[in-house]
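Asks: Below is the structure I would like to discuss, written out as structure tokens.
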Amino acid sequence: MLDVKFVRENPELVKENIRKKFKDAKLPLVDEVCALYDEKRATNTRANELRANRNRVSKEIGGLMAKGLRDEAEEKKRLVNEQAEELKALEAREGELEEKLTTALMKIPNIIDPSVPLGRDDEENVEVECFGEKTVPNFEIPYHTDIMAHFNGIDKEAAGRVAGEGFYYLMGDIARLHSAVLSYARDFMIDKGFTYCIPPFMIRSNVVSGVMSFEEMDAMMYKIEGEDLYLIGTSEHSMIGKFIDTITPEESLPLTLTSYSPCFRKEKGAHGIEERGIYRIHQFEKQEMIVICRPEESMDWFHKMWSYSVELFRSLDIPVRTLECCSGDLADLKVKSYDVEAWSPKQQKYFEVCSCSNLGDAQARRLGIRVKGADGQKYLAHTLNNTVVAPPRMLIALLENNLSFDGERYTLAIPKALQPYMGGKEQIVSK
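For the sequence shown, the tail end lands on 550 under the working numbering, and the numbers increase by one without skipping.
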């Protein structure tokens with residue numbers, strides 16, 4: 120969310136930013152915010168005048184009563200009562216204007232970084248760098264759920280009976296591999312100096328609206344019926360929410376945390392082949408990283424964070440590339456974002472496995488996350504987040520890139536980094 124004074128003083132800059140994101144339908148919001156802000160200031164000024172007058176006249180009434188001038192005192196009381204009705208109406212209007220202003224501001228996109236390439240959607244994202252050799256297998260790789268089935272590792276049919284489409288049971292060595300990936304990712308981030316955390320898996324509505332746009336909320340979040348609680352779509356939500364309405368001493372920054380959680384998502388819409396299997400599902404587990412830092416450090420942290428994901432995937436023998444999200448593909452709160460994509464030998468293309476984002480001070484402004492500088496002045500922190508691993512997608516990449524076939528049986532090589540978490544197993548052979 121942008122600062123209202125910034126919008127009022129720079130309306131054309133804000134409009135140009137909206138155009139860069141190809142969201143022209145939001146252009147009227149800028150004029151609406153400016154008008155609401157001006158009215159709110161005028162309303163506040165008049166209300167303050169009435170409050171000051173009330174205090175002044177109240178003292179005068181006391182003085183008149185002390186002198187026995189009851190008639191004059193009663194006349195002033197009558198005037199105060201008349202103004203009290205006006206003040207009551209003004210205070211109600213102040214509340215209405217504040218609510219309307221906040222709602223409009225929360226719909227205006229954040230100012231994107233000048234380095235972000237212009238583009239309408241994810242088709243115009245820009246490749247930054249590739250890491251590792253893309254493998255071209257000499258056998259036909261099965262679809263990822265079929266690979267799991269060869270190892271007796273998945274049961275979607277039973278999950279469909281129990282919970283419906285978009286759920287699954289993982290079994291045996293595949294389930295163990297799933298847990299191994301999460302454990303390895305946890306220790307990988309701890310070795311990078313991040314503090315491990317397990318957060319609440321439900322958050323209140325004020326935290327939801329603080330960490331994401333209204334459009335994202337509607338598309339992603341499951342609400343708990345009858346309660347002011349939502350299931351988290353990623354642990355970033357509750358991890359950033361941990362610092363709501365806090366003031367952190369500047370010398371304590373940066374705050375670097377890595378968190379485990381299950382995630383719950385509606386996943387509206389269709390996305391081709393990825394809709395099958397366990398690529399786009401309603402429940403999964405994830406290791407996340409978040410950073411809260413000084414504004415001048417946020418871009419350095421942004422580049423560190425996506426590089427950690429690349430390093431982790433390469434340690435598991437998975438080729439990856441980084442893509443910079445173009446302006447039209449950035450969510451409203453984001454300043455800059457990279458996707459890390461893993462190579463799929465099955466599809467002979469890359470697919471998204473991580474998303475690293477710098478949100479500037481947007482979340483901090485919504486949630487009141489402030490920093491106290493050495494000079495005693497308070498300012499808004501910058502917040503960043505990145506996926507370490509989300510095993511359903513990571514598992515797909517791991518299976519496809521480490522699979523071999525001898526004509527009769529499939530063998531899955533366990534990367535060395537994961538072997539300690541698999542009881543020392545070096546491979547899994549199909550049944």
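We put the beta carbon where it would ideally sit given N, CA and C, even for glycine.
Predicted model only: the values in this text are computed from it and were never measured.
Which stretch, first to last residue, makes up the beta strand (DSSP E) that contains Tyr82?
Replies: What is shown of the chain runs 120 to 550, which leaves residue 82 out entirely.
Asks: Helix, strand or coil: how does DSSP classify Leu216 here?
Replies: Three-state DSSP puts Leu216 in a helix.
Asks: Out of Pro438, Cys475 and Glu471, state which residue places its alpha-carbon closest to the alpha-carbon of Asp419.
Replies: Looking at the Cα atoms, Cys475 is the closest of the given residues.
Asks: Note down, in chain order, each residue of its chain lying with its Cβ closer than 7 Å to the Cβ of Tyr315, except the 5 sequence neighbours on either side.
Replies: For Tyr315, where only same-chain residues beyond five positions count, the Cβ hits under 7 Å are Arg305, Ile309 and Thr377.
Asks: On a CA-only basis, which of Asn257, Ile351, Thr441 and Ser332 is nearest Val385? Give me that one, please.
Replies: The sequence shown places Lys at residue 385, not Val. Of Asn257, Ile351, Thr441 and Ser332, the residue nearest in Cα terms is Ile351.
Asks: Tell me the residue span of the beta strand (DSSP E) that contains Glu404.
Replies: Note, Glu404: beta strand (DSSP E), Gln402 to Cys412.
Asks: For Ala450, collect the residues of the same chain with a Cβ closer than 7 Å to its Cβ; drop the 5 residues on either side in sequence, then sort them by chain order.
Replies: Excluding positions up to five away in sequence, the list reads Ser332 and Glu335.
Asks: At the level of alpha carbons, what is the spacing between Gly86 and Glu201?
Replies: This structure cannot settle anything about residue 86, because the visible part of the chain is limited to 120 through 550.
Asks: Please return the same chain residues whose Cβ sits closer than 8 Å to the Cβ of Trp425, not counting the five positions on each side in sequence.
Replies: Excluding residues within five positions, the ones whose Cβ falls inside 8 Å are Thr441, Tyr457, Val459, Cys473, Cys475 and Asn505.
Asks: Quick one: what does DSSP say Gly274 is sitting in, helix, strand or coil?
Replies: Here the sequence assigns Asp to residue 274, which means Gly is not the residue at that position. If DSSP states are grouped into helix, strand and coil, Asp274 belongs with the strands.
Asks: Hey, is Lys342's beta-carbon within less than 8 Å of any beta-carbon in chain B?
Replies: Among the chains in the structure shown there is no chain B, since it carries only a single protein chain.
Asks: Check whether the Cβ atoms of Val454 and Ile231 sit closer than 8 Å, and answer yes or no.
Replies: Yes, they are a contact pair.
Asks: Where does Gly238 land, buried or exposed, given buried means 16+ other C-beta within 10 angstroms?
Replies: It is buried - the Cβ of Gly238 has at least 16 other Cβ atoms within 10 Å.
Asks: Taking the alpha-carbon positions, what's the Ser371 to Tyr303 distance?
Replies: Using only the alpha carbons, I get a separation of about 27 Å.
Asks: DSSP three-state label for Met321, please.
Replies: Strand at Met321.
Asks: Indicate the three-state DSSP secondary structure (helix, strand or coil) for Gln496 in the structure shown.
Replies: In the structure shown, Gln496 sits in coil (DSSP, three-state: anything other than H, G, I, E or B).
Asks: Ile137 and Pro228 look like a contact to me (Cβ under 8 Å); what is the Cβ gap, rounded to whole Å?
Replies: Right, the Cβ-Cβ distance comes to about 6 Å (below 8 Å), so this counts as a contact.
Asks: For the alpha helix (DSSP H) that Pro510 lies in, which residues bound it at each end?
Replies: Looking at the DSSP string, the run of the alpha helix (DSSP H) that includes Pro510 is Pro510 to Asn520.
Asks: Going residue by residue through the stretch 328 to 394, where are the continuous alpha helix (DSSP H) segments of at least 4 residues, counting only ones entirely within it?
Replies: Entirely contained in the stretch 328 to 394, the alpha helix (DSSP H) runs reaching 4 residues are, in chain order, 333 to 339 and 354 to 360.
Asks: Quick one, which of Gly214, Leu296 and Glu248 has its alpha-carbon nearest Tyr540's?
Replies: For the residues Gly214, Leu296 and Glu248, the minimum Cα distance to Tyr540 belongs to Leu296.
Asks: Can you tell me which of the three DSSP states Thr530 falls into?
Replies: In the structure shown, Thr530 sits in a strand (DSSP, three-state: E or B).
Asks: Assign Gly487 to buried or exposed, taking buried as 16 or more other Cβ atoms, counted over all protein chains shown, within 10 Å of its Cβ.
Replies: Classification for Gly487: exposed.
Asks: Taking the continuous beta strand (DSSP E) assigned at Tyr469, which residues delimit it?
Replies: Here the beta strand (DSSP E) through Tyr469 covers Lys468 to Asn477.
Asks: State the CB to CB distance for the pair Ser380 and Phe320, rounded to an integer number of angstroms; the pair is presumed to be in contact (CB under 8 Å).
Replies: About 6 Å separates the two Cβ atoms, so the contact holds.
Asks: State buried or exposed for Leu537, treating a residue as buried only when at least 16 other CB atoms are found within 10 Å of its CB.
Replies: Classification of Leu537: buried, given that the 10 Å Cβ count is 16 or more.
Asks: Is Leu431 closer than 8 Å to Phe250 when the C-beta atoms are compared?
Replies: No; because the gap between Cβ atoms is not below 8 Å, this pair is not in contact.
Asks: Please check the pair Val326 and Glu355, which I expect to be a contact at CB under 8 Å, by giving their CB distance rounded to whole angstroms.
Replies: Between Glu355 and Val326 the Cβ distance is about 11 Å, and since that is not below 8 Å, they are no contact.
Asks: Excluding five sequence neighbours on each side, which residues of the same chain lie with their C-beta closer than 8 Å to the C-beta of Pro130?
Replies: These residues qualify, in order along the chain: Val149, Asp150 and Cys153.
Asks: If I'm right that Glu205 touches Leu155 with Cβ under 8 Å, what's the distance once you round it to whole angstroms?
Replies: Not a contact, Cβ separation roughly 21 Å.
Asks: Quick one: grab the DSSP three-state call for Asn505.
Replies: Asn505: strand per DSSP, three-state reduction.
Asks: Report all residues from its chain with a CB closer than 7 Å to the CB of Leu146; omit the five preceding and five following residues, and keep chain order.
Replies: Closer than 7 Å at the Cβ level, and outside the excluded window around Leu146, lie Lys134 and Ile137.
Asks: Taking all protein chains shown into account, do 16 or more other C-beta atoms lie within 10 angstroms of the C-beta of His422, making it buried, or fewer, making it exposed?
Replies: Flag for His422 reads exposed.
Asks: Would you tell me roughly how many angstroms separate the C-alpha atoms of Asp364 and Glu407, rounded to the nearest one?
Replies: C-alpha separation (whole angstroms): 22 Å.
Asks: Would you decide whether Gly187 is buried or exposed? Buried here means 16 or more other CB atoms lie within 10 Å of its CB.
Replies: That one is exposed.
Asks: Within 10 Å of its beta-carbon, does Asp480 have 16 or more other beta-carbons around it, so buried, or fewer, so exposed?
Replies: Asp480 is buried by the Cβ-count criterion.
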